[in-house]
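Residue numbers for the sequence shown follow the working numbering, beginning at 5 and rising by one. All residues carry an ideal CB built from backbone N, CA and C; glycine is no exception. Only a predicted model underlies this, so the values are computations on that prediction, with no experimental measurement involved.
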Amino acid sequence: MTGDVSGTTAVSPTSRQIWTRSRGILLVLLLLVVAGFVIAVIRSGGGHGRLDPRSTNPSGSRAVAELLEERGVTTRVATTLDEATTATGPDTTLLVAGPDLLTSRQQQALRSAMDTSGGRTVLVAPGGNSVRALAPGASTDTTTAPVSARDPQCALPAARRAGNADLGGRLYTTDNTLGSDSCYLVDGRPTLLRIGTQDTGDTVLLGAPDILYNERLGHHGNASLALQLLGSRPHLVWYLPSLSDGSAAGDSRGEGETGIGRLIPSGWLWGTLQLAVAAVLAAVWRARRLGPLVSEPLPVAVRASESSEGRARLYRKANARDRAASALRQAARSRLAPLLGVTFADAHSPDVLLPAVSAHLSEGDRDLRTLLFGPAPADDAALIRLADQLDALEREVRTS
């Protein structure tokens with residue numbers, strides 16, 4: 005095959021080629037999905053979560069539940085507000101593991117149940133909104149203290165008997181200094197605050213949940229303090245707020261969000277915007293700068309015949325006879341045009357080129373339109389015949 009094969013060499017990949025290239029990636033993704041599903045199924049059997057009295061994980065609370073059971077205190081797990089409020093009473097301690105997960109309507113309902121139950125309520129690390137709704141007269145701020153072993157520094161019998169314990173986290177204040185106990189102080193503010201009386205019902209604000217964790221229950225006086233706070237009454241209701249609780253539906257909080265949206269911090273939009281800006285800046289910083297084109301000598305000299313043969317092999321491997329034929333015809337027309345006095349702009353116009361070619365040839369039985377502008381060959385043999393016919397046509401024009 006001779007001639008200057010010009011034009012594009014790009015060949016659009018077939019569906020078979022796309023599948024061959026992508027099946028490895030698809031297989032890896034499928035394996036990851038299957039592995040994630042298997043791990044989720046295995047862990048869903050009994051792992052439970054943080055502060056769950058059924059969980060044996062380091063951050064679970066099964067150890068304290070079993071110690072309470074040995075002392076005759078029954079523990080009941082509640083995952084809905086109705087279960088928790090129905091079970092409250094003067095002989096019951098209600099532990100709320102996540103007060104901040106409750107909506108304002110749920111907090112109001114819980115507070116009403118607390119006022120009428122006459123029992124004890126333990127709120128684990130409640131934030132500002134939760135404290136205002138569930139413990140009137142108390143307050144907290146965004147300041148937190150590291151969790152470490154601290155002395156009681158108060159007259160609360162449970163704290164004095166337990167001694168130092170791992171407390172910290174949120175710091176609280178209260179206006180009711182006569183009917184409260186402020187313990188485990190940090191900068192004069194308690195990390196454990198009890199409001200009310202044992203007889204009529206009291207509320208305990210626990211700044212950090214660490215004394216309830218399995219991994220820290222045996223440290224210092226953590227076990228003693230946890231057992232006394234949760235075991236003052238024969239029944240314990242362990243309330244784990246759930247996002248699937250129907251009592252949260254239709255609630256209009258200040259943020260106007262329900263479901264999983266309550267778990268997203270209020271500044272998520274600004275945080276996402278900052279991440280986007282950082283990603284753009286990183287892309288600009290690391291992107292390749294394309295300067296002006298610079299001509300450089302080739303490291304080796306490649307003969308034109310080798311380049312043509314290499315491109316022809318690529319065409320043959322891709323069965324791109326249409327592209328090969330188009331390149332051959334285009335090159336032949338480009339060489340014939342100056343021989344016939346046809347401008348380069350009209351070299352690929354059948355109405356201009358074909359009459360000029362006919363005028364330089366003797367009469368013969370040939371179809372110049374099919375030869376120079378015809379369809380793609382049906383097979384490789386037809387492609388070879390086309391190349392030979394184009395060579396013969398060019399030689400005849402040169403010698404005419």
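Residues near Pro354 by beta carbon distance below 7 Å, same chain, minus five either side
As a position in the sequence shown, residue 354 is number 350, starting the count at 1. Excluding residues within five positions, the ones whose Cβ falls inside 7 Å are Arg373 and Phe377.
Sufficient close CB pairs (3 or more, under 8 Å) joining the region 181-196 to the region 145-160
yes
Stretch-stretch touch, CB-based, cutoff 8 Å, three pairs: the region 127-145 with the region 105-117
yes
Using only alpha-carbon positions, find the residue among Leu343, Leu229, Glu70 and Gln334 that is nearest to Arg154.
Translated into the one-based positions of the sequence shown, residue 154 becomes position 150. Nearest C-alpha to Arg154: Leu229.
Can you confirm whether the region 196-203 touches the region 168-184 when touching is taken to mean that 3 or more C-beta pairs between the two stretches lie within less than 8 Å?
yes
On the CB-based measure, 16 or more other CB atoms within 10 Å of its CB, does Arg292 come out buried or exposed?
As a working note, residue 292 is residue 288 in the sequence shown. Counting Cβ neighbours within 10 Å, Arg292 comes out exposed, since fewer than 16 surround it.
Would you decide whether Pro359 is buried or exposed? Buried here means 16 or more other CB atoms lie within 10 Å of its CB.
Taking the first residue of the sequence shown as 1, we reach residue 359 at position 355. That one is exposed.
Which residues does DSSP pair with Pro359 in a beta bridge?
The sequence position of residue 359 within the sequence shown is 355, counting from 1. BP columns for Pro359 are empty, so no partner.
CB Val208 to CB Thr92, shorter than 8 Å?
To locate residue 208, count along the sequence shown from 1; it is residue 204. To locate residue 92, count along the sequence shown from 1; it is residue 88. No. Outside cutoff.
Rounded to whole angstroms, what is the Cα-Cα separation between Ser121 and Leu34?
Translated into the one-based positions of the sequence shown, residue 121 becomes position 117. Translated into the one-based positions of the sequence shown, residue 34 becomes position 30. In a straight line, the C-alpha of Ser121 is about 53 Å away from that of Leu34.
Mind pulling the beta strand (DSSP E) runs of 3 or more residues that sit fully within the region 82-131?
96-100 and 124-128
Compare the Cα-Cα distances from Thr89 to each of Ala117, Arg80 and Leu357 and report the closest residue.
Counting from one through the sequence shown, the residue named residue 89 turns up at place 85. Measuring from the Cα of Thr89, the nearest candidate turns out to be Ala117.
Does the beta-carbon distance from His239 to Asp119 come in below 8 Å?
Reading the sequence shown from its first residue, position 235 is the one you call residue 239. Reading the sequence shown from its first residue, position 115 is the one you call residue 119. Contact flag unset, no.
Jot down the residue ranges of each uninterrupted beta strand (DSSP E) in the region 193-257, minimum 3 residues, whole runs only, in chain order.
193-201, 205-210 and 239-243
Tell me Arg174's beta-bridge partners as DSSP assigns them.
Counted from its first residue, the sequence shown places residue 174 at position 170. Arg174 is bridged to Thr148.
For Gly132, count neighbouring Cβ atoms within 10 angstroms of its own Cβ and tell me buried if that reaches 16, exposed if not.
Your numbering for residue 132 matches position 128 in the sequence shown. Exposed, since its Cβ has fewer than 16 Cβ neighbours within 10 Å.
Find out if the Cβ-Cβ distance for the pair Thr97, Gly123 is shorter than 8 Å.
Here residue 97 is taken as the residue at index 93 of the sequence shown, counted from 1. Here residue 123 is taken as the residue at index 119 of the sequence shown, counted from 1. It is a contact, given that the beta carbons lie within the stated cut-off.
Report the three-state DSSP secondary structure of Leu294 (helix, strand or coil).
Walking along the sequence shown from the start, residue 294 turns up at place 290. Coil, per DSSP.
Please determine, among Leu394, Leu182, Tyr217 and Arg339, the residue with the shortest C-alpha to C-alpha distance to Ala69.
For the purposes of this step, residue 69 is identified with residue 65 of the sequence shown, where counting begins at 1. The option with the nearest alpha carbon to Ala69 is Tyr217.
Find out if the Cβ-Cβ distance for the pair Pro130, Asp104 is shorter than 8 Å.
As a position in the sequence shown, residue 130 is number 126, starting the count at 1. As a position in the sequence shown, residue 104 is number 100, starting the count at 1. Taking 8 Å as the Cβ cut-off, Pro130 and Asp104 qualify as a contacting pair.
Using a threshold of 8 Å, state whether the C-beta atoms of Asp416 and Leu85 are closer than that.
A query on residue 416 cannot be resolved here, the shown segment of the chain reaching from 5 to 404 and no further.
CA-to-CA distance, Leu394 to Ala328, given in whole angstroms:
The residue labelled residue 328 in the question sits at position 324 within the sequence shown. The residue labelled residue 394 in the question sits at position 390 within the sequence shown. Rounded to the nearest angstrom, the two C-alpha atoms are 13 Å apart.
Cβ separation of Leu127 and Leu234, assumed to be a contact under 8 Å, to the nearest whole Å
The residue given as residue 127 occupies position 123 in the sequence shown. The residue given as residue 234 occupies position 230 in the sequence shown. About 13 Å separates the two Cβ atoms, so there is no contact after all.
In its own chain, which residues sit with a C-beta less than 6 Å from the C-beta of Pro381, not counting the 5 before and 5 after it?
The count along the sequence shown starts at 1 and reaches residue 381 at position 377. Around Pro381: Arg325, Ala329, Leu387 and Leu390.
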